[in-house]
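One structure is given here, and the rest of the page talks about it.
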Amino acid sequence: MALTPLASRLSRAEGCIVPVDFYAYWCQPCKIPSPILEQLTGDPATETASRQPLDIIIINSDTEEGELCQRFKVRALPTVVAFQGGKAIKTFTGAPRERQTRIRHKMKLWIDILLLSILAFYLFDASSAGPKPD
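If you count the sequence shown from 1, position 26 lands on 26 in UniProt numbering, and the numbers rise without skipping.
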């Protein structure tokens with residue numbers, strides 16, 4: 001089953017933010033975010049707001065992996081679903097229309113915003129738990 005390899009890769013990426021890029025070879029807009037995400041995740045100088053590393057998984061929607069599109073409700077291409085701790089935490093669909101340098105900056109900004117929202121969730125969740133009994 002195709003979900004097992006994805007789940008396995010996500011579990012090996014523990015401690016990382018993992019953008020899963022759903023694309024197709026025939027999809028022209030897919031050619032914009034895919035190389036940028038690959039560059040961001042392959043560049044050791046890329047820093048995120050939480051200092052968590054990035055790892056990317058690329059899913060070709062035209063292959064047997066395409067059943068994952070149904071699982072993650074991919075309705076248009078390109079779609080990127082970001083995972084942390086094996087759970088989908090954020091999705092974006094479509095390709096920005098700006099030049100490559102601005103797109104790379106926007107993708108990094110999107111990842112930083114994503115990480116800040118995760119951090120805020122954990123801070124809010126921890127503060128709402130109240131004092132712990134001795």
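We treat Cβ as the ideally placed atom computed from N, Cα and C, and that holds for glycine.
Keep in mind it's a predicted model, so treat the numbers as computed, not measured.
Per the coordinates, the alpha-carbon of R9 lies some 22 Å from the alpha-carbon of D112. Judged by their CB atoms, L77 and L54 are not nearer to each other than the 8 Å cut-off.
Bounds of any beta strand (DSSP E) do not take in I36; it lies within the alpha helix (DSSP H) bounded by P33 to G42. Bounds of the alpha helix (DSSP H) holding Q70 are E67 to R71. Pairing I36 with E14, the inter-Cα distance amounts to about 22 Å.
About 20 Å separates the CB atoms of A120 and V18; that is not less than 8 Å, and the two are not in contact.
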